[in-house]
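The structure appears below as structure tokens.
2 protein chains.
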Amino acid sequence: MHNKIDCQDERFSPKTNHIDSSECQLCEVRACGMCSELDTATLNDLRKITRSRDYKAGELIFSDDAPLQSYAAIKSGIVKLSKILPDGRQQTLGLGFPPDFIGRTYKDKNTYFVSAITNVTVCTFPRDLFNEYLKATPSLEHRLFELTLNELDAARDWMLMLGRMSAIEKVATLLLSFADRLYKSNSLQGIPCDETHFELPLTRSEISDFLGLTIETVSRQFSLLKKKGLIGITQQRFIEILDKEGLSLLAGQLKET
Amino acid sequence: MHNKIDCQDERFSPKTNHIDSSECQLCEVRACGMCSELDTATLNDLRKITRSRDYKAGELIFSDDAPLQSYAAIKSGIVKLSKILPDGRQQTLGLGFPPDFIGRTYKDKNTYFVSAITNVTVCTFPRDLFNEYLKATPSLEHRLFELTLNELDAARDWMLMLGRMSAIEKVATLLLSFADRLYKSNSLQGIPCDETHFELPLTRSEISDFLGLTIETVSRQFSLLKKKGLIGITQQRFIEILDKEGLSLLAGQLKET
DNA sequence: CTAGAGTATTGATTTATATCAAGCTCATAG
DNA sequence: CTATGAGCTTGATATAAATCAATACTCTAG
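Chains as they are written, first to last, in the numbering used here: chain A, 0 to 256; chain B, 0 to 256.
Okay, structure coming up:
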């Protein structure tokens, strides 16, 4: 089945590139993502149907209605999943960091948008071939299942936040969650970082879509947190957590995205 | 491994009963739940570690912090999953209908409560034995994966509702979702029913925990929908949908729980 | 160095929902 | 059949967040 594929295959966009095995060795997806339970032979097979692809910040990766042509694994950058109501109201459902998998297996559509928040690099897999692979490789399905369970846990944490938290609690929760995720992600990639300083990769508008608030309310909560001495903000995007205790107290509960 | 189990096994509460094969034949879990892709032999094996158990409306099934001792599949009745903030604020995360599976595989805890909304009958599986089974049976894991993906879809639909809908839209969405789910569920079980009449199994308080509102707001929206002629209410719990079009318009978008 | 666009903050006002407070309905037990 | 209590509705008021509006910051391109 795999030798059907070559560079001319119409399922691959011209913007894509082959992956070589040395790339896999350094990859977070290989380390702890969907590839982490594959043996070398299977990984090599999978690589034949895989192409690397870059997206610029803001670009749409998957639409909410177009038939799903491919799945993807995030190698670097951050994506968001979102839904839009007919009148334009938008809700972000979650963020994807390396080594997350994106795409709805066992359905022919996503029911949400996936778009790049920062510049993003992904490995893409043509849908039909990947599905055959998935069927034949229980260890791959097992790993995807685990990743999906984590996503479900995260979605449920955010439901509690969306339904029951005040604006300031939401913002505090988001900041802590980001501090944690960016620290872990950067550490894994060997990027020097510390737990209290980070660049918030989201605009205020993206934050408000995530928290179910408006831009103005988000902005006011940031100012409030600054006034209370819990955080410092420079250049609008660079956050320093000055009082993690205090922030956690405000956030109340949640720990992870 | 399975012959270790008998009625005296301490992992089984005294309130439980054996399952016989004729029961499975009529069961929704067998028809379209986690058992649906098991062959007869595997099903018979699984049945040896399975016990039936009843819960009364309101009873707690799984707690959010106690180590998970068993998993369960819902045979009849409705359960809710919920989270509680330290100060008591509560958010319902979703409802479980037959043939849903409950319990967080691959972790030793649920991070939420599961409780019976109506009287409920479940099949329970001791955690450690079920895990062995799961590892050995890819078709079972596959089915659980699919069920989990559906739960994730549902969770994300509700995130949009929680984050971006007004009170009246939330209530309209809930009613449509219930009409649909109860109709499907009852039809499957051969219970006579129609799509426009149903008994709402939730109290106003449970509804408000689900929608991220207060009891009073929920009540007001019901009254409003009645005044607009979209629904009829008798005895507070019996709902008649008088204008599905209008209700769907109000709800805006979502279709399923 | 400046203009301009995009992004963020801050203020004034409105509005949806929460909160507080009665009173009502319905099922059940005496 | 009536008393009781849990669950529900309705009204009055308070409040958090949305909306509307103006101004300020930050980066880029010229």
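Every residue, glycine too, gets a C-beta built ideally from N, C-alpha and C.
Report the residue from the options whose alpha carbon sits nearest the alpha carbon of residue i.
i: residue 147 of chain B; options: B:98, B:47, B:170; result: B:98
i: residue 87 of chain B; options: A:247, A:159, A:45, A:195; result: A:159
i: residue 68 of chain A; options: A:47, A:38, A:105; result: A:105
i: residue 57 of chain B; options: B:200, B:229, B:216; result: B:200
i: residue 194 of chain A; options: A:243, A:188, A:216; result: A:243
i: residue 53 of chain B; options: B:197, B:102, B:117, B:177; result: B:117
i: residue 251 of chain B; options: A:89, A:59, A:207; result: A:89
i: residue 165 of chain A; options: A:220, A:95, A:64, A:133; result: A:220
i: residue 14 of chain A; options: A:247, A:100, A:55, A:155; result: A:55
i: residue 179 of chain B; options: B:101, B:17, B:213, B:96; result: B:96
i: residue 45 of chain A; options: A:191, A:246, A:18, A:247; result: A:18
i: residue 167 of chain A; options: A:154, A:153, A:225; result: A:225
i: residue 131 of chain A; options: A:231, A:209, A:70, A:240; result: A:70
i: residue 143 of chain B; options: B:16, B:48, B:29, B:22; result: B:29
i: residue 197 of chain B; options: B:245, B:72, B:177; result: B:177
i: residue 27 of chain B; options: B:155, B:66, B:72, B:227; result: B:72
i: residue 133 of chain B; options: B:37, B:23, B:16; result: B:37
i: residue 100 of chain A; options: A:145, A:154, A:192; result: A:145
i: residue 297 of chain A; options: A:62, A:61, A:23; result: Absent from the model: residue 297 of chain A. The displayed extent of chain A is 0 to 256, so no value can be given.
For residue i, count the other beta carbons within 10 Å of its own beta carbon; 16 or more makes it buried, fewer makes it exposed. Which is it?
i: residue 234 of chain A; result: exposed
i: residue 5 of chain B; result: Bear in mind that a pLDDT of 40 at residue 5 of chain B, under 50, signals an unreliable position, so the model cannot answer this.
i: residue 50 of chain B; result: buried
i: residue 238 of chain B; result: buried
i: residue 82 of chain B; result: buried
i: residue 20 of chain B; result: exposed
i: residue 169 of chain A; result: buried
i: residue 125 of chain B; result: buried
i: residue 205 of chain B; result: buried
i: residue 25 of chain A; result: exposed
i: residue 189 of chain A; result: exposed
i: residue 236 of chain A; result: exposed
i: residue 39 of chain A; result: exposed
i: residue 64 of chain A; result: exposed
i: residue 248 of chain A; result: exposed
i: residue 135 of chain B; result: exposed
i: residue 1 of chain B; result: Interpretation of residue 1 of chain B is limited by its pLDDT of 40, a score under 50 that renders its predicted location unreliable; no figure is taken from the coordinates.
i: residue 207 of chain A; result: buried
i: residue 102 of chain B; result: buried
i: residue 59 of chain B; result: exposed
i: residue 152 of chain B; result: buried
i: residue 215 of chain B; result: exposed
i: residue 107 of chain A; result: exposed
i: residue 246 of chain B; result: buried
Could you please give me the residues that DSSP links to residue i through a beta bridge?
i: residue 238 of chain B; result: B:197, B:232
i: residue 119 of chain B; result: B:54
i: residue 129 of chain B; result: The partner list for residue 129 of chain B (beta bridge, DSSP) is empty, contrary to what the question assumes.
i: residue 151 of chain B; result: The partner list for residue 151 of chain B (beta bridge, DSSP) is empty, contrary to what the question assumes.
i: residue 243 of chain B; result: Residue 243 of chain B pairs with nothing; no bridge assigned.
i: residue 190 of chain A; result: None; residue 190 of chain A has no bridge partner.
i: residue 72 of chain B; result: B:100, B:122
i: residue 59 of chain B; result: B:114
i: residue 83 of chain A; result: A:89
i: residue 94 of chain A; result: A:79
i: residue 185 of chain A; result: Looking at the DSSP assignment, residue 185 of chain A forms no beta bridge with any residue, so it has no partner.
i: residue 16 of chain A; result: A:51
Which whole-angstrom value describes the C-beta separation of residue i and residue j, a residue pair presumed to lie in contact below a C-beta threshold of 8 angstroms?
i: residue 218 of chain A; j: residue 203 of chain A; result: 6 angstroms
i: residue 211 of chain A; j: residue 161 of chain B; result: 7 angstroms
i: residue 209 of chain B; j: residue 41 of chain B; result: Not confirmed; about 36 angstroms, so no contact.
i: residue 223 of chain B; j: residue 241 of chain B; result: Actually they are not in contact, since the Cβ atoms of residue 223 of chain B and residue 241 of chain B sit about 14 angstroms apart, beyond 8 angstroms.
i: residue 80 of chain B; j: residue 163 of chain A; result: Between residue 163 of chain A and residue 80 of chain B the Cβ distance is about 14 angstroms, and since that is not below 8 angstroms, they are no contact.
i: residue 128 of chain B; j: residue 232 of chain B; result: The Cβ separation is near 46 angstroms, so there is no contact.
Check whether the segment 111-127 of chain B and the segment 62-79 of chain B touch, using three or more Cβ-Cβ pairs below 8 angstroms as the test. Flag = yes, the segment 111-127 of chain B and the segment 62-79 of chain B touch.
Cβ contact (3+ pairs, closer than 8 angstroms) linking the segment 136-145 of chain A and the segment 33-47 of chain A: Look at the beta carbons and you see the segment 136-145 of chain A touching the segment 33-47 of chain A: at least three pairs across the two are nearer than 8 angstroms.
The segment 105-119 of chain A contacting the segment 169-178 of chain A, beta-carbon criterion three pairs below 8 angstroms: Counting Cβ pairs under 8 angstroms, fewer than three are found: no touch.
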